[in-house]
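Residue numbering for the sequence shown follows numbering that gives the first Met the number 0, starting at 0 and increasing by one per position.
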Amino acid sequence: MRGLVLGGTSSGVGKTVATLAVLRAVEDAGHAVQPAKAGPDFIDPSHHTVVADRPSRTLDAWLEGEDGLRRNYHRGAGDLCLVEGVMGLYDGDGSSTAMVAEALDLPVVLVVDAKAGMESVAATALGFREYATRIGRDIDVAGVVAQRAHGGRHADGIREALPAELTYFGRIPPTPELEIPDRHLGLEMGAESPVEDDALAAAAEHLRVDALLDAAREPPEPDTGDGSNPSAEGSADGRVAVADDAAFCFRYPATLERLRARADLVTFAPTDGDDLPDCDGVYLPGGYPELYVDELAAGPALSTVGDRASDGLPILGECGGLMTLAESLTTAEGETREMAGVLPAEIEMRDRYQALDHVEMRATDGTLTADAGECLRGHEFHYSEASVGRDARFAFEMERGDGMDGDYDGLTEYRTLGTYAHVHPESGAFDRFLEQL
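Pasting the structure below:
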C-alpha cells in the first residue's frame with residue numbers, strides 16, 4: 000500500500016482539515032484510503048474514521064519502535080495510506096512527523112498556511128525541504144497543500160512561485176464550516192463534531208488527486224514480513240470486557256485487534272447503564288469520564304468493577320480508566336462523585352494540563368502489564384490531578400515523564416492497575432495483561 004505524509008509547518012496550521020479534505024478527494028476519485036496519524040493522538044483519528052469509514056492507524060516511533068511502526072502500517076488496507084502529521088514537521092524528540100516519514104520512506108506533502116502569502120509559501124516549503132539536508136535526515140518534502148488559500152491570482156501566485164522540485168497539490172479554501180470545535184484535550188471527537196460534509200466535498204474539489212497518487216510511495220516491509228509479532232503468539236483463552244462509550248473512547252485500533260486475536264472481546268457502555276459483563280479481565284481505556292460523572296456514578300458498572308476487583312479479577316485502566324477506578328472524581332465545576340473505589344486516590348480536574356509527553360516507566364515489581372525491571376514506553380496527556388493515599392502502591396518508576404506524582408505511575412491494588420500512561424500493544428503490555436487471565 001503506497002503512502003503519503005501530510006506534515007505541517009507548525010501546530011494549528013490546519014493539518015487535520017487538510018487531511019480530511021484529501022481523504023474525501025481520494026475517496027471521491029474511486030480509491031480506498033487508509034487513514035493514519037503520526038503521534039499518539041486519539042482525537043484526530045476519530046475524524047479520519049468518520050470520513051474514511053475505517054479505523055485510523057497510529058504510527059509512533061516511540062510507542063512502537065520503527066519495526067512495530069512498519070508492522071502497524073502494513074496492517075492497514077487500501078489503495079493509499081494518508082498519514083496526518085503531529086505538530087510541525089520536525090517537532091518532537093520522541094516521534095516527530097519527520098521520524099515517521101523517514102522510518103516509512105514516505106514523501107511529505109507540506110501543509111502551509113497561505114492566508115497572507117504567495118511567494119512566502121514557496122520560500123517556507125523550500126526551507127523545510129532543505130532543512131532535512133542540513134540536519135542529515137532523509138526527508139523528501141515533495142510539495143505543498145496551500146491551506147486557507149483563495150483561488151485565482153492567489154492560488155496562481157503560489158503555484159508559480161514554487162521551484163520545479165516542489166509540486167503544487169492544491170489548496171483548501173478559507174471556509175468557516177471547516178473549523179472543528181475544541182475542548183481541553185484538543186478537538187472534539189469526530190462522532191460529536193464531524194466536519195460538514197458539503198464543505199468538505201467543496202474543499203476536496205480544489206485538490207489534485209492524480210498528483211497526490213503519483214507522489215505516493217510503497218514503504219519497506221517490516222523485518223517480520225508477515226506482520227506478526229512474536230510476543231503475540233498463542234491464545235489467552237479468556238474473555239476481556241472493554242468499556243466503549245463517550246467516556247471511554249481513547250483506545251488504539253491495534254489494541255482491540257490484539258485483544259480480539261488472543262481472547263474473546265466483549266464491549267459494554269457504562270454511561271448508558273450497562274453493567275460489567277461476565278469476563279476474565281477488564282480494560283478501561285481513556286476518554287472523558289469527567290464529562291459523565293453523573294451517569295457513571297448512577298450506573299451499575301463501577302460498583303460491579305469494585306466488587307470484581309476485590310475478588311482478584313485482572314483490571315487495567317488507562318488515564319480515564321484510572322480516574323474511574325479511583326475513590327472519587329471532582330469535575331472542573333467542583334462536582335464530586337464516587338467512582339469504583341478500587342484504587343486509593345481522589346481525582347480532581349484542573350484548568351490546565353498536568354502532563355503532556357512521551358513517557359518511559361520501569362516496573363518496580365511484577366505487575367499486570369510488565370515484569371519486574373521491564374520498561375514500558377507510552378504517552379501521557381491529562382488535565383486531572385491525583386491525590387493518593389498513604390498506603391498507595393505504585394507499579395512503575397518514571398524514567399521519563401511526570402506520571403502520577405513526578406516520580407511514579409501505576410497505582411495497583413488486588414490485581415488492578417491504573418496508569419496515567421497510554422501504551423500501544425507493540426510494547427507487549429497487553430500481551431502481559433492477557434497472560435494474567
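Don't be surprised by glycine CBs; every beta carbon is placed ideally from N, CA and C.
What whole-angstrom Cβ distance do residue i and residue j have, given they're in contact under 8 Å?
i    : j    : result
T146 : D112 : The question names Thr, yet the displayed sequence has Gln at residue 146. Indeed they touch by this definition, with Cβ atoms about 5 Å apart.
G6   : V110 : 7 Å
P193 : V99  : At roughly 26 Å, the Cβ-Cβ gap does not stay under 8 Å, so P193 and V99 are not in contact.
G169 : M117 : About 15 Å separates the two Cβ atoms, so there is no contact after all.
G377 : V422 : 4 Å
A203 : A35  : Incorrect: roughly 19 Å between the Cβ atoms, too far for contact.
G320 : L367 : That belief does not hold up - the Cβ atoms of G320 and L367 are roughly 12 Å apart, past 8 Å.
I42  : A97  : I42 to A97, Cβ: 22 Å. No contact.
L79  : R1   : 6 Å
A297 : F267 : Wrong, their Cβ atoms sit about 15 Å apart, outside the cutoff.
R70  : P219 : The pair is not a contact, with the Cβ atoms about 11 Å apart (cut-off 8 Å).
P288 : A246 : 5 Å
V21  : L315 : At roughly 36 Å, the Cβ-Cβ gap does not stay under 8 Å, so V21 and L315 are not in contact.
A102 : E65  : 5 Å
L68  : R216 : Actually they do not touch by this definition, with Cβ atoms about 16 Å apart.
V341 : A308 : 4 Å
P313 : Q435 : 4 Å
E317 : S327 : So it is not a contact: roughly 19 Å between Cβ atoms.
Quick check on the burial criterion: 16 or more other C-beta atoms within 10 angstroms. Buried or exposed for residue i?
i    : result
S227 : With a pLDDT of 42 at S227, under the threshold of 50, the predicted position of this residue should be treated as unreliable, and no value is reported.
G311 : exposed
G276 : Going by the sequence as given, residue 276 is Pro instead of Gly. Classification for P276: exposed.
S383 : buried
V12  : buried
A163 : exposed
E294 : buried
I134 : exposed
L161 : buried
L19  : buried
E446 : Only positions 0 to 436 of the chain appear in the structure, and residue 446 is not among them; the question remains open.
Y251 : buried
R257 : buried
T132 : exposed
G280 : buried
G84  : buried
P229 : Confidence is the limiting factor: at P229 the pLDDT is only 43, short of 50, which leaves the residue's position unreliable, though a coordinate-based value still follows. Its Cβ having fewer than 16 others within 10 Å, P229 is exposed.
A76  : exposed
E159 : exposed
Y352 : exposed
Compare the Cα-Cα distances from residue i to each of the options and report the closest residue.
i    : options                   : result
L199 : G156, L355 and V16        : V16
V4   : G29, F41, R56 and I42     : R56
L324 : R349, M403 and L416       : L416
D370 : E337, L62, G402 and D430  : D430
A210 : A253, T270 and A141       : A141
P175 : G151, D404, G38 and E195  : E195
L62  : D52, L79 and G38          : G38
D350 : E359, A344, A331 and G316 : A331
P299 : D222, Y419 and G272       : G272
S386 : G405, P218, G365 and L81  : G405
A260 : D279, G237 and E289       : G237
G91  : H47, G67, S9 and G29      : S9
A362 : M86, F395, F249 and G427  : F395
V265 : A240, Y251, D279 and R250 : A240
L212 : T166, P269 and R257       : T166
G126 : H357, D244 and L88        : L88
P172 : H149, R158 and A214       : H149
C374 : R392, D390, M397 and A354 : M397
M322 : P106, T411 and T254       : T411
A51  : V143, E334, V358 and D27  : D27
H153 : G365, K114, H381 and E337 : K114
R414 : E345, G365 and Y352       : G365
V108 : E345, L328, M403 and K14  : K14
So who's on the other strand from residue i, going by DSSP bridges?
i    : result
P34  : L81
A242 : F267
V422 : G377
V144 : V110
R414 : Beta-bridge pairing links R414 to no other residue.
V4   : V82 and V107
E317 : T418
L328 : R336 and I346
R216 : G2
F249 : G285
Consider the Cβ of residue i: report whether some Cβ of chain C lies at a distance smaller than 9 Å.
i    : result
Y407 : Protein chain content of the structure displayed is limited to a single chain, and chain C is not contained in it.
> Along the chain, which unbroken stretches of the beta strand (DSSP E) at least 3 residues long are found entirely within the segment 51–132?
Replying inline: 56–58, 79–87 and 107–112
>> If we require 3 or more residues per run, which beta strand (DSSP E) segments fall completely within the segment 336–411?
In response: 344–348, 354–362, 374–381, 383–387 and 393–399
> In chain order, which beta strand (DSSP E) runs of at least 3 residues are fully inside the segment 146–212?
Replying inline: 166–171
>> Quick check for students: name the residue ranges of the alpha helix (DSSP H) that lie wholly in the segment 251–293, counting only runs of 4 or more.
In response: Given a length threshold of 4 residues, each whole run of the alpha helix (DSSP H) inside the segment 251–293 is given here in chain order: 252–261.
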